[in-house]
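K.L.:
I am attaching a structure below and will ask some questions about it afterwards.
Protein chains: 2
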Amino acid sequence: MPVDPRRHRAARHAKPSAQPAAEAAAPAPRKKPITVERITDAALEVVATEGYDALTIRRVAAVLGTGPSSLYAHIVNKDDLDDLLIGRLYAGVVLPAPDPAAWRAQLLDVYAQIRDLYLAYPGVSRAALAAVPTNLETLRVGEGILAILLAGGIDPRTAGWARDALSLYVGAYALEQSLVRRRRAEQDEEWVLSREEVVERFAALPAERFPHTRRHAAELASGTGPDRFAFALGLLVDGLRPAAD
Amino acid sequence: MPVDPRRHRAARHAKPSAQPAAEAAAPAPRKKPITVERITDAALEVVATEGYDALTIRRVAAVLGTGPSSLYAHIVNKDDLDDLLIGRLYAGVVLPAPDPAAWRAQLLDVYAQIRDLYLAYPGVSRAALAAVPTNLETLRVGEGILAILLAGGIDPRTAGWARDALSLYVGAYALEQSLVRRRRAEQDEEWVLSREEVVERFAALPAERFPHTRRHAAELASGTGPDRFAFALGLLVDGLRPAAD
DNA sequence: CGTCCCTGACGAACACCGTTCTACTCAACG
DNA sequence: CGTTGAGTAGAACGGTGTTCGTCAGGGACG
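From first to last, the protein sequence lines are chains S and R. Under my numbering, the residue at position 52 of the first sequence is numbered 52, and the numbers go up by one with no gaps. Under my numbering, the residue at position 193 of the second sequence is numbered 1193, and the numbers go up by one with no gaps.
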């Protein structure tokens, strides 16, 4: 049995039943052995250049110059690869030391980091939304966000729920934004629209069925992606009131 | 050319350049011809019973007792099938007559309908998040939501952005919820956890790296899905203030 | 009535996907 | 030197979306 990648996977998650985990420091590989490290690198490269939809086992194997079956000695699954990927991504999130005076700004900053990460790797937010929540790196970021909220005087239960809501929104926002950009990139289809076209099309709707969409077409199409992002996060964050001010 | 399903697709969306669209009312099909209607029915049935992941062209064709290629005379794409699906789903959403005195409750009611729809057809929210926003049925529901917000005195631009944010959150919520339920259904894996197990695992995290997650494990795992849904929607909706009260 | 033609249905096939089976290489160890 | 076992792969299986070429059948027309 080739070391059983399931064991490696377990080590990347909150431990089910504290095992000391047999230490095995591989000392000096000679040529270029396939490692979880290199697989993750290759996967990240694929996602960065071609988007998450292009992230297939075969594509990653091709980057490493081998066949698909070679990866299965190191990863369990495609799901496992996704897990590796978002672990690596979240490892890059820098968490501020919680400052009770600036908790809102700190929160917005961390989520802006996550958003930019998602947008830099188009489509990964899909994997992030589907990720098992016990990945150690996502737990680390979650702990950091929780720390900021608690420092802001938010009670623990509310903080946990707010963290959930914010994470869900950011994931969905990035997913939609990635889809829009992809559609814009494949502009061979006629389904991509400029802002003016959207306004025009809304304004052309039958007045009796779509009076408001018609009348306010310009306002509906207004605002850039980041504007809408800031608006939604503001709504969520501003609704949080420190307990016993 | 077999009628070109692209034309049918276009008819289901906000029109790009108002064409009268040649009327062709097929009067009396004799046996059981394949229609867009029947394809949509079959697709809905598959999703309801086996989830969105099981929705494949072949699966739908099998329900109709034919091969996969037969569908391509009526639909353009798998994407088109998704479009049909969410159009049908949204057609079932009932929109209240906007009441300025009850706009918050009306808003929550409509989004609860959408949430329940998504949860009744596990995974469809993925298709909904990816849907082209010009589908006529989604436009109809969007118009209804907009009407409620405007009746509540929200200014048009804010209303549009709020509608976006709410829709994104509801979609992401339903997606995550569907995934959780699916994982719970395939409990052969050890990656499914009861609430007690989650608390236990959080409490077992290293104290120096995860102090808050550890201490507030119970609060973090508290609350049912609907609780968290209501909390997040409350946060978003309560942040909206009628202009010039 | 006979013929044509066009529309919808469909089987086969293509390229790709995740995953598994099996064989093979090759360094480490007794 | 012989054995072992971990890591590397090639081939294959069953699945996916989509396209191609064929074919039946019925309405239109001479």
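Quick reminder that beta carbons are idealized off the backbone N, C-alpha and C, glycines included. In this text the structure is predicted, and so the values were computed from the model without any measurement.
Between LEU71/S and VAL46/S, what straight-line distance do the alpha-carbon atoms span, to the nearest angstrom?
P.N.:
So the alpha carbons of these two residues sit roughly 15 Å apart.
K.L.:
Counting only C-beta atoms, is HIS212/S closer than 8 Å to chain R at any point?
P.N.:
For HIS212/S, the answer is yes, since a Cβ of chain R falls inside 8 Å of its Cβ.
K.L.:
When you compare only the Cα positions, how much space is there between PHE1202/R and LEU1179/R?
P.N.:
PHE1202/R and LEU1179/R: Cα-Cα distance of roughly 21 Å.
K.L.:
Nearest-angstrom Cα distance between ALA1131/R and GLU1208/R?
P.N.:
C-alpha separation (whole angstroms): 44 Å.
K.L.:
Could you check which residue in ARG12/S, LEU117/S, ALA14/S, THR213/S has the C-alpha nearest to that of GLN177/S?
P.N.:
If we check each option's Cα against that of GLN177/S, LEU117/S comes out closest.
K.L.:
Using only CA atoms, which one of HIS1013/R, ALA1014/R, THR1056/R, THR1066/R lies nearest to ILE1034/R?
P.N.:
For the residues HIS1013/R, ALA1014/R, THR1056/R, THR1066/R, the minimum Cα distance to ILE1034/R belongs to THR1066/R.
K.L.:
Find the nearest neighbour of ASP1079/R within the set ALA1128/R, GLY1144/R, ALA1232/R, judged by alpha-carbon distance.
P.N.:
Of the listed residues, the one whose Cα sits closest to ASP1079/R is ALA1128/R.
K.L.:
Go ahead and pull the three-state DSSP assignment for THR8/S.
P.N.:
Checking the displayed sequence, the identity of residue 8/S turns out to be His instead of Thr. Helix at HIS8/S.
K.L.:
Using a Cβ-Cβ cut-off of 8 Å, state whether ALA21/S counts as contacting chain R.
P.N.:
Because the pLDDT at ALA21/S is just 43, under 50, the model does not fix this residue reliably, and the point stays unresolved.
K.L.:
Any idea if THR1224/R is buried or exposed, counting beta-carbon neighbours within 10 angstroms, 16 or more meaning buried?
P.N.:
It is exposed - the Cβ of THR1224/R has fewer than 16 other Cβ atoms within 10 Å.
K.L.:
For GLY1051/R, tell me which candidate among ARG1183/R, ALA1230/R, PHE1229/R, GLU1196/R has the shortest Cα-Cα distance.
P.N.:
Looking at the Cα atoms, ARG1183/R is the closest of the given residues.
K.L.:
For GLN1061/R, I'd like the list of residues in its chain whose CB is within less than 7 Å of its CB, leaving aside the five on either flank, ordered along the chain.
P.N.:
Inspection of the sequence shows that residue 1061/R is occupied by Ala rather than by Gln. If we look at ALA1061/R and ignore the five residues flanking it on each side, its Cβ neighbours are GLY1067, PRO1068, SER1070, LEU1071.
K.L.:
Give the C-beta separation of ARG228/S and LEU175/S to the nearest angstrom, bearing in mind that I take them to be a contact with Cβ-Cβ under 8 Å.
P.N.:
Not quite, the Cβ-Cβ distance comes to about 14 Å (not below 8 Å), so this is no contact.
K.L.:
Could you name the residues of chain R that TYR173/S contacts, counting a contact when the two beta carbons are closer than 7 Å?
P.N.:
Simply LEU1168.
K.L.:
In the DSSP assignment, what residue or residues form a beta bridge with HIS13/S?
P.N.:
Note: HIS13/S sits in a beta bridge opposite ASN135/S.
K.L.:
Could you check whether the Cβ of ARG1157/R sits closer than 8 Å to any Cβ belonging to chain S?
P.N.:
By this cut-off, ARG1157/R is an interface position.
K.L.:
Does DSSP classify PRO211/S as helix, strand or coil?
P.N.:
Three-state DSSP puts PRO211/S in a helix.
K.L.:
When burial is assigned at 16 or more other CB atoms within 10 Å of the CB, is ASN1135/R buried or exposed?
P.N.:
Under this definition ASN1135/R is a buried residue.
K.L.:
Please classify ARG163/S as buried or exposed, where buried requires at least 16 neighbouring CB atoms within 10 angstroms.
P.N.:
ARG163/S should be labelled buried.
K.L.:
Given a threshold of 16 other Cβ atoms within 10 Å of its Cβ, counted over all protein chains shown, does ALA159/S qualify as buried or as exposed?
P.N.:
Buried: at least 16 other Cβ atoms inside 10 Å.
K.L.:
Cβ closer than 7 Å: which chain S residues qualify as neighbours of TRP1161/R?
P.N.:
Those are GLY223, ARG228, PHE231, listed as they occur along chain S.
K.L.:
Give me the chain R residues within the contact set of LEU109/S, using Cβ-Cβ distance strictly less than 9 Å, ordered along the chain.
P.N.:
One detail in the question is off: residue 109/S reads as Asp in this sequence, not Leu. What ASP109/S touches in chain R: nothing, since even the nearest Cβ is about 18 Å away.
K.L.:
I want to verify the contact list: residues of chain R whose CB lies under 8 Å from the CB of ASP99/S, in sequence order.
P.N.:
Near ASP99/S there are no residues of chain R at all, since even the closest Cβ is about 15 Å away, more than 8 Å.
K.L.:
Closest to ALA232/S by C-alpha separation, out of VAL1093/R, LEU1205/R, GLU1219/R, SER1167/R, would be which residue?
P.N.:
Answer by Cα proximity: SER1167/R.
K.L.:
By Cβ distance, which residues of its chain are closer than 8 Å to ARG115/S, with the 5 residues on each side in sequence left out?
P.N.:
Contacts found: VAL170, TYR173, ALA174, PHE229.
K.L.:
Whose C-beta lies closer than 8 Å to the C-beta of PRO297/S among residues of the same chain, with five residues either side of it excluded?
P.N.:
No answer is possible for residue 297/S: the residues shown for chain S start at 1 and end at 245.
K.L.:
For GLY1239/R, would you say it is in contact with chain S, using Cβ-to-Cβ distances shorter than 8 Å as the test?
P.N.:
Interface residue, yes.
K.L.:
Check for me: the alpha helix (DSSP H) holding GLU197/S runs from which residue to which?
P.N.:
Here the alpha helix (DSSP H) through GLU197/S covers 195-203.
K.L.:
Give me the chain R residues within the contact set of LEU236/S, using Cβ-Cβ distance strictly less than 8 Å, ordered along the chain.
P.N.:
The contacting residues are ALA1232, LEU1235, LEU1236, GLY1239.
K.L.:
What alpha helix (DSSP H) runs, 4 residues minimum, are completely inside the region 69-135 of chain S?
P.N.:
Complete alpha helix (DSSP H) runs here, min 4: 78-91, 103-120, 124-130.
K.L.:
Leaving aside the five residues before and after VAL36/S along the sequence, list all residues of the same chain whose C-beta is less than 6 Å from its C-beta, in chain order.
P.N.:
For VAL36/S, where only same-chain residues beyond five positions count, the Cβ hits under 6 Å are HIS74.
K.L.:
Look at the Cβ atom of VAL124/S, then the Cβ atom of LEU95/S, and state whether they are nearer than 8 Å.
P.N.:
In this structure, LEU95/S does not lie closer than 8 Å to VAL124/S by Cβ.
K.L.:
Are the C-beta of ASP164/S and some C-beta of chain R separated by less than 8 Å?
P.N.:
Yes - at least one Cβ of chain R is within 8 Å of the one on ASP164/S.
K.L.:
Is there contact between the region 98-105 of chain S and the region 143-160 of chain S, where contact requires at least three CB pairs shorter than 8 Å?
P.N.:
Touching, yes.
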